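Asker:
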Amino acid sequence: MAALAQQTKANFLLSHFKAFLVFQKFNHNTYSKATHREQHSANMGSGSVVDTGEIDFSKWRKLYSRDFGISNSLIPAYAWTVLKSLQSGGFEAYLVGGCVRDLILNKIPKDFDVITTARLPQIKRRFHRAIIVGRRFPICRVHVNGSIVEVSSFDTRAKPTGASEKLSVPKMPKKFHQKDFILWKDSMHRDFTVNSLFFDPSVNTIYDYADAIVDLKSLQLRTLVPAHLSFEEDCARILRGLRLAARLKLSFSKEIEIAMHKLSPSIMLLNKSRLMMEVNYMLSYGAAEPSLSLLQRFSILEMLLPFHAAHLAQQSNKQLSESSVMLMKLFSSLDQLVTCDRPSHDSLWVALLAFHLALITDPQGAFVVLTFASVLYHGNWKEGVNFARRHSDAASIYAREISDSQGSISDDELVERVTELAVLVQNSLDILTDKDSLQEAMSKFPGSPCSGLVFVSKNMRKVVEVIFDVLIGDVRSLKTRRNSFEIDYTLLGKGQTHETRFVLGKVILDTIAPGVIPGSEVIKHTLVKVDAQLSKNAPKENMGGNVKFKKRKFVCEDDNQPNASSEIKHNRDEKRNTVIAKQSKEKAVEKHDNESLGQKLDNGDAVTKKKSKGEQSELPQNGTRMVLEGVKHQVPPHKKERKGGDKYQQASVNHLKLSHNVDNGATTKQHSLKEKRDSSREQKEEKGESLHSRKQDLKGGKLASDEKSKPKAGNQTLSDLFRR
Numbered sequence: 001m002a003a004l005a006q007q008t009k010a011n012f013l014l015s016h017f018k019a020f021l022v023f024q025k026f027n028h029n030t031y032s033k034a035t036h037r038e039q040h041s042a043n044m045g046s047g048s049v050v051d052t053g054e055i056d057f058s059k060w061r062k063l064y065s066r067d068f069g070i071s072n073s074l075i076p077a078y079a080w081t082v083l084k085s086l087q088s089g090g091f092e093a094y095l096v097g098g099c100v101r102d103l104i105l106n107k108i109p110k111d112f113d114v115i116t117t118a119r120l121p122q123i124k125r126r127f128h129r130a131i132i133v134g135r136r137f138p139i140c141r142v143h144v145n146g147s148i149v150e151v152s153s154f155d156t157r158a159k160p161t162g163a164s165e166k167l168s169v170p171k172m173p174k175k176f177h178q179k180d181f182i183l184w185k186d187s188m189h190r191d192f193t194v195n196s197l198f199f200d201p202s203v204n205t206i207y208d209y210a211d212a213i214v215d216l217k218s219l220q221l222r223t224l225v226p227a228h229l230s231f232e233e234d235c236a237r238i239l240r241g242l243r244l245a246a247r248l249k250l251s252f253s254k255e256i257e258i259a260m261h262k263l264s265p266s267i268m269l270l271n272k273s274r275l276m277m278e279v280n281y282m283l284s285y286g287a288a289e290p291s292l293s294l295l296q297r298f299s300i301l302e303m304l305l306p307f308h309a310a311h312l313a314q315q316s317n318k319q320l321s322e323s324s325v326m327l328m329k330l331f332s333s334l335d336q337l338v339t340c341d342r343p344s345h346d347s348l349w350v351a352l353l354a355f356h357l358a359l360i361t362d363p364q365g366a367f368v369v370l371t372f373a374s375v376l377y378h379g380n381w382k383e384g385v386n387f388a389r390r391h392s393d394a395a396s397i398y399a400r401e402i403s404d405s406q407g408s409i410s411d412d413e414l415v416e417r418v419t420e421l422a423v424l425v426q427n428s429l430d431i432l433t434d435k436d437s438l439q440e441a442m443s444k445f446p447g448s449p450c451s452g453l454v455f456v457s458k459n460m461r462k463v464v465e466v467i468f469d470v471l472i473g474d475v476r477s478l479k480t481r482r483n484s485f486e487i488d489y490t491l492l493g494k495g496q497t498h499e500t501r502f503v504l505g506k507v508i509l510d511t512i513a514p515g516v517i518p519g520s521e522v523i524k525h526t527l528v529k530v531d532a533q534l535s536k537n538a539p540k541e542n543m544g545g546n547v548k549f550k551k552r553k554f555v556c557e558d559d560n561q562p563n564a565s566s567e568i569k570h571n572r573d574e575k576r577n578t579v580i581a582k583q584s585k586e587k588a589v590e591k592h593d594n595e596s597l598g599q600k601l602d603n604g605d606a607v608t609k610k611k612s613k614g615e616q617s618e619l620p621q622n623g624t625r626m627v628l629e630g631v632k633h634q635v636p637p638h639k640k641e642r643k644g645g646d647k648y649q650q651a652s653v654n655h656l657k658l659s660h661n662v663d664n665g666a667t668t669k670q671h672s673l674k675e676k677r678d679s680s681r682e683q684k685e686e687k688g689e690s691l692h693s694r695k696q697d698l699k700g701g702k703l704a705s706d707e708k709s710k711p712k713a714g715n716q717t718l719s720d721l722f723r724r
């Protein structure tokens with residue numbers, strides 16, 4: 001293993017050195033071409049590659065991929081399978097788009113797309129699991145070894161559309177072939193130059209027809225046709241351009257900036273699922289904070305998330321830096337944990353938005369928020385509270401969302417406040433999913449624009465609600481176990497509830513109390529190169545190489561329960577109604593005269609205490625009933641694994657019966673002792689007291705022993721019972 005690590009490190013450094021040499025080679029050309037492009041843009045009024053309708057062959061070049069440190073081991077096995085299958089059938093096949101761009105920049109690609117000369121039906125016949133999807137731009141989605149490769153055909157992309165219709169085709173130079181013309185023609189249909197590269201790893205050749213390498217070196221984003229024509233053809237390219245600029249730190253040409261400002265309202269024409277996909281690409285792949293900044297800069301955030309946009313505008317009017325704005329800090333903390341190859345599920349950023357909405361609507365004390373996040377992170381109420389108490393001094397104060405804690409807080413009050421915050425977060429999802437709720441909430445920001453657009457689905461709301469359900473029931477009994485506090489990115493990407501809840505707690509803790517969680521560090525967005533050929537025992541299907549990461553393992557008691565049970569939902573609704581009633585009562589009290597204010601507050605406190613007492617006494621009764629039913633009808637899963645599962649069930653019933661008999665026997669003995677003391681109190685007082693003391697000790701010992709042997713019904717929550 002040590003030798004493998006040293007070899008991997010050596011390959012990594014060598015690749016970086018090669019990439020550095022290649023970019024140095026293009027330094028002079030980059031400067032001269034950039035100067036020429038600026039002059040051309042000034043004369044033509046456009047910075048795009050195609051303005052005159054003619055092909056500039058001087059931009060065509062073929063590059064050796066290994067000069068950029070790209071080896072075959074960086075191509076995953078499933079992509080190799082698709083490429084080799086198509087090429088063995090006599091077709092041309094290339095990697096295309098973002099994966100080539102990221103490999104050149106030494107970043108890990110999000111996915112690997114393929115383009116081929118084969119027609120879509122021919123592609124489908126070559127693979128066992130392949131389907132053709134899409135109407136405007138149909139592709140073939142191929143499933144290989146649990147991964148998906150999207151394969152497009154030159155045939156379906158050959159029809160000129162929009163701005164590409166004006167391109168004329170002069171006579172081909174001798175050093176180029178018909179294949180180059182096909183590739184060039186396809187590149188003209190791409191959104192940006194940096195996405196117009198083709199790569200054939202079988203011959204280690206990268207094909208560039210639009211100075212894409214120069215743009216990557218200068219970190220500039222350019223369109224292949226005039227920007228306004230490109231964005232009119234597909235307005236989603238505006239969002240895609242912002243995402244690329246945020247992730248790769250690219251600069252915009254003046255032409256693109258003008259076109260984005262002018263055509264940004266057109267994104268309202270996109271359907272909600274497309275908007276959800278584009279926003280998810282922005283927020284789940286490690287560039288959420290810069291993406292939000294760019295959305296705000298081009299006045300797009302006020303269309304997608306008007307409430308948050310109004311809040312950020314209010315904060316900017318107070319001349320607060322982005323580093324002091326909690327919303328930006330939350331997504332900055334998220335960016336440290338996820339990247340393109342290890343993204344989060346979209347439920348995580350929706351939960352973050354709802355959490356921030358709740359704090360804007362009803363600011364909370366620092367210790368309450370710290371406890372809220374700590375319990376989500378630890379999955380255990382006791383551990384979470386202890387952690388929060390140890391680090392209460394490290395909590396940051398955000399003027400609009402979090403206030404300084406005033407004095408100490410009792411455990412009962414802490415439980416109530418954490419539960420109320422969880423209910424508020426769930427209620428805040430209405431602003432993200434319901435148009436009427438959004439417009440009502442925008443009344444907090446008079447004069448701020450509101451598009452009325454909501455693109456988060458109702459189904460997503462249900463998924464996010466489940467994340468906070470554990471804080472709404474009997475939160476004291478929350479005792480989830482984790483074997484490791486490392487993130488399982490496979491489960492996180494799938495939206496597994498426990499893992500999403502854990503990472504959500506970590507993000508909030510890193511925001512309000514940076515550094516309190518040991519091992520928190522920034523993920524470097526660079527490519528880790530692993531040569532599969534170094535492993536002698538590697539299977540043949542992996543000989544093409546792959547990017548590997550350590551698997552995370554943990555154990556939770558309710559991994560198989562992604563959805564909330566009916567009892568949890570009932571508790572959630574009951575708590576939600578209590579919180580709403582409490583808020584309504586507070587508003588009503590404020591409207592009364594000062595003379596009756598004290599009396600009404602006292603009455604409100606009395607009613608609240610009575611309700612709280614009723615709720616606390618009701619849950620153990622339901623819990624006892626469920627325990628009795630569970631003992632009669634089923635055996636807990638973790639007990640079935642032990643020897644004698646049936647004996648455990650029968651013993652549990654016997655223990656419950658034995659407890660009842662002991663209680664009856666104890667009552668009879670106490671009555672008998674009382675009669676003896678009354679008849680001979682003066683003569684046998686000392687003897688009676690001694691006998692009574694011994695029998696009480698025997699009874700107490702027997703009851704204590706019996707309590708240890710029977711199941712603990714009172715300490716179990718309804719969620720634990722449903723998990724069983």
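All residue numbers for the sequence shown refer to full-length UniProt numbering, where the first residue is 1 and numbers rise by one. Virtual Cβ for every residue (Gly too), placed ideally from N, Cα, C. Bear in mind the structure is a predicted one, so any value in this text is a computation, not a measurement.
1. Apart from the five residues on each side of it in sequence, which residues of its chain come closer than 6 Å, Cβ to Cβ, to residue 183?
2. For residue 496 and residue 57, what's the separation of their Cα atoms in angstroms?
3. Count the other C-beta atoms from every protein chain shown that fall within 10 angstroms of the C-beta of residue 121, then say buried if there are 16 or more, exposed otherwise.
4. Can we say the segment 392-408 touches the segment 354-366, given the rule of at least three CB pairs closer than 8 Å?
5. For a quick check, are the C-beta atoms of residue 100 and residue 142 less than 9 Å apart?
6. Where does residue 143 sit, in a helix, a strand or coil, going by DSSP?
7. Could you tell me the distance, in whole angstroms, from the CA atom of residue 411 to the CA atom of residue 381?
8. Output yes or no for whether 9 Å exceeds the beta carbon distance between residue 144 and residue 115.
9. Excluding five sequence neighbours on each side, which residues of the same chain lie with their C-beta closer than 6 Å to the C-beta of residue 435?
10. To the nearest angstrom, how far is the alpha carbon of residue 240 from that of residue 278?
11. When the Cα atoms are used, what is the spatial distance from residue 154 to residue 269?
12. What ranges does the alpha helix (DSSP H) occupy inside the segment 349-425, keeping only unbroken runs of at least 4 residues that lie completely in it?
13. Out of 85, 355, 55, 248, state which residue places its alpha-carbon closest to the alpha-carbon of residue 108.
14. Would you kindly report the start and end of the unbroken beta strand (DSSP E) that includes residue 62?
15. Does residue 74 get closer than 9 Å to chain D when you measure Cβ to Cβ?
16. Counting pairs of beta carbons, one from the segment 506-516 and one from the segment 412-419, are three or more of them closer than 8 Å?
17. Name the residue from 377, 384, 493, 393 whose alpha carbon lies nearest to the alpha carbon of residue 485.
18. What are the start and end residues of the alpha helix (DSSP H) that includes residue 500?
19. For residue 344, which of helix, strand or coil comes out of DSSP?
20. Given residue 288, which residues of its chain have a CB within under 6 Å of its CB, disregarding the five upstream and five downstream residues?
21. Could you tell me which of 152, 233, 307, 187 sits nearest to residue 130, measuring between CA atoms?
22. Quick one: Cα of residue 379 to Cα of residue 489, how far?
23. Are the CB atoms of residue 448 and residue 306 within a distance shorter than 9 Å?
24. Where residue 195 and residue 187 are concerned, what is the direct C-alpha to C-alpha distance, given to the nearest angstrom?
25. Who are the near neighbours of residue 494 in its chain, counting only those whose CB is closer than 7 Å to its CB and skipping five residues on each side?
26. What would DSSP say about residue 57, mapped onto helix, strand or coil?
27. Using a 10 Å radius around the Cβ and a threshold of 16 neighbouring Cβ atoms, would you call residue 311 buried or exposed?
28. So within the segment 209-266, which uninterrupted alpha helix (DSSP H) runs reach at least 4 residues, ignoring any that extend past its ends?
29. Are the beta-carbon atoms of residue 476 and residue 433 separated by less than 9 Å?
30. Counting along the chain, where does the alpha helix (DSSP H) carrying residue 81 start and finish?
31. Determine the direct distance from the alpha carbon of residue 93 to that of residue 127, and round the result to whole angstroms.
32. Between residue 295 and residue 304, which are expected to be in contact by the criterion C-beta below 8 Å, what is the C-beta distance as a whole number of angstroms?
33. Give the C-beta separation of residue 425 and residue 373 to the nearest angstrom, bearing in mind that I take them to be a contact with Cβ-Cβ under 8 Å.
34. On a Cα-Cα basis, can you pick out the residue from 450, 185, 106, 368 that is closest to residue 71?
35. If the criterion is Cβ atoms closer than 9 Å, does the pair residue 150 and residue 180 meet it?
36. Around the C-beta of residue 315, are 16 or more other C-beta atoms found within 10 angstroms, so that it is buried, or is it exposed?
Answerer: Looking at the coordinates:
1. Along the sequence shown, read from residue 1 onward, the residue named residue 183 stands at position 183. Taken in chain order, the residues that qualify are 198, 207.
2. What you label residue 496 is simply residue 496 of the sequence shown in a count that begins at 1. What you label residue 57 is simply residue 57 of the sequence shown in a count that begins at 1. If you take the alpha carbons of residue 496 and residue 57, they lie about 51 Å apart.
3. Here residue 121 is taken as the residue at index 121 of the sequence shown, counted from 1. Burial is judged here by how many other beta carbons sit within 10 angstroms of a residue's own beta carbon; residue 121 has fewer than 16 and is exposed.
4. With a cut-off of 8 Å, the segment 354-366 and the segment 392-408 count as touching, because enough Cβ pairs lie within range.
5. Translated into the one-based positions of the sequence shown, residue 100 becomes position 100. Translated into the one-based positions of the sequence shown, residue 142 becomes position 142. Contact flag unset, no.
6. As a working note, residue 143 is residue 143 in the sequence shown. Residue state, collapsed to three classes: strand.
7. As a working mapping, residue 411 is identified with position 411 in the sequence shown. As a working mapping, residue 381 is identified with position 381 in the sequence shown. Each residue's Cα considered, the two are about 11 Å apart.
8. Indexing the sequence shown from 1 puts residue 144 at position 144. Indexing the sequence shown from 1 puts residue 115 at position 115. No, the Cβ-Cβ distance between residue 144 and residue 115 is not below 9 Å.
9. Here the question's residue 435 lines up with position 435 in the sequence shown. Result list for residue 435: 452, 454, in chain order.
10. Walking along the sequence shown from the start, residue 240 turns up at place 240. Walking along the sequence shown from the start, residue 278 turns up at place 278. A direct Cα-Cα distance of roughly 7 Å separates residue 240 from residue 278.
11. Here residue 154 refers to the residue found at position 154 when the sequence shown is read from its first residue. Here residue 269 refers to the residue found at position 269 when the sequence shown is read from its first residue. Distance between residue 154 and residue 269, taken at the CA atoms: about 28 Å.
12. The segment 349-425 contains these whole alpha helix (DSSP H) runs: 366-378, 381-390.
13. For the purposes of this step, residue 108 is identified with residue 108 of the sequence shown, where counting begins at 1. The option with the nearest alpha carbon to residue 108 is 248.
14. For the purposes of this step, residue 62 is taken as the residue at position 62 of the sequence shown. Judged by DSSP secondary structure, residue 62 falls within the beta strand (DSSP E) whose first and last residues are 61-64.
15. No chain D is present in this structure, which holds just one protein chain.
16. They do not touch, by the three-pair rule.
17. Position 485 of the sequence shown, counted from the start, is the residue given in the question as residue 485. The shortest C-alpha separation from residue 485 is found at 377.
18. Reading the sequence shown from its first residue, position 500 is the one you call residue 500. Residue 500 -> alpha helix (DSSP H) spans 497-512.
19. The count along the sequence shown starts at 1 and reaches residue 344 at position 344. If DSSP states are grouped into helix, strand and coil, residue 344 belongs with coil.
20. Translated into the one-based positions of the sequence shown, residue 288 becomes position 288. Only 331, 334, 335 meet the Cβ criterion.
21. Here residue 130 refers to the residue found at position 130 when the sequence shown is read from its first residue. Checked all of 152, 233, 307, 187; the closest Cα to residue 130 is 152.
22. Translated into the one-based positions of the sequence shown, residue 379 becomes position 379. Translated into the one-based positions of the sequence shown, residue 489 becomes position 489. Per the coordinates, the alpha-carbon of residue 379 lies some 18 Å from the alpha-carbon of residue 489.
23. Here residue 306 is taken as the residue at index 306 of the sequence shown, counted from 1. Here residue 448 is taken as the residue at index 448 of the sequence shown, counted from 1. Yes, they are a contact pair.
24. As a working note, residue 195 is residue 195 in the sequence shown. As a working note, residue 187 is residue 187 in the sequence shown. About 8 Å.
25. Position 494 of the sequence shown, counted from the start, is the residue given in the question as residue 494. Spatial neighbours of residue 494 in its own chain (CB-CB distance under 7 Å, excluding positions within 5 residues in sequence) are listed in chain order as 345.
26. Your numbering for residue 57 matches position 57 in the sequence shown. Of the three classes helix, strand and coil, the one that applies to residue 57 here is helix, per DSSP.
27. Sequence index remark: in the sequence shown, residue 311 carries index 311 (1-based). Looking at its Cβ environment, which holds 16 or more other Cβ atoms inside 10 Å, residue 311 is buried.
28. For the segment 209-266, whole alpha helix (DSSP H) runs of length 4 or above, ordered along the chain, are 212-218, 227-233, 236-248, 254-263.
29. For this step, residue 476 is matched to residue 476 along the sequence shown. For this step, residue 433 is matched to residue 433 along the sequence shown. Taking 9 Å as the cut-off, the Cβ atoms of residue 476 and residue 433 do not count as close.
30. By 1-based counting over the sequence shown, the position of residue 81 is 81. Residue 81 -> alpha helix (DSSP H) spans 77-88.
31. Residue numbering aside, residue 127 sits at position 127 when the sequence shown is read from its first letter. Residue numbering aside, residue 93 sits at position 93 when the sequence shown is read from its first letter. Roughly 15 Å between the two C-alpha positions.
32. On the sequence shown, position 295 is the one that residue 295 refers to. On the sequence shown, position 304 is the one that residue 304 refers to. Rounded, the Cβ-Cβ distance is 7 Å, consistent with contact.
33. Indexing the sequence shown from 1 puts residue 425 at position 425. Indexing the sequence shown from 1 puts residue 373 at position 373. Not confirmed; about 12 Å, so no contact.
34. Residue numbering aside, residue 71 sits at position 71 when the sequence shown is read from its first letter. Shortest Cα-Cα distance from residue 71 to any of 450, 185, 106, 368 involves 106.
35. By 1-based counting over the sequence shown, the position of residue 150 is 150. By 1-based counting over the sequence shown, the position of residue 180 is 180. Taking 9 Å as the Cβ cut-off, residue 150 and residue 180 do not qualify as a contacting pair.
36. Your numbering for residue 315 matches position 315 in the sequence shown. It counts as buried.
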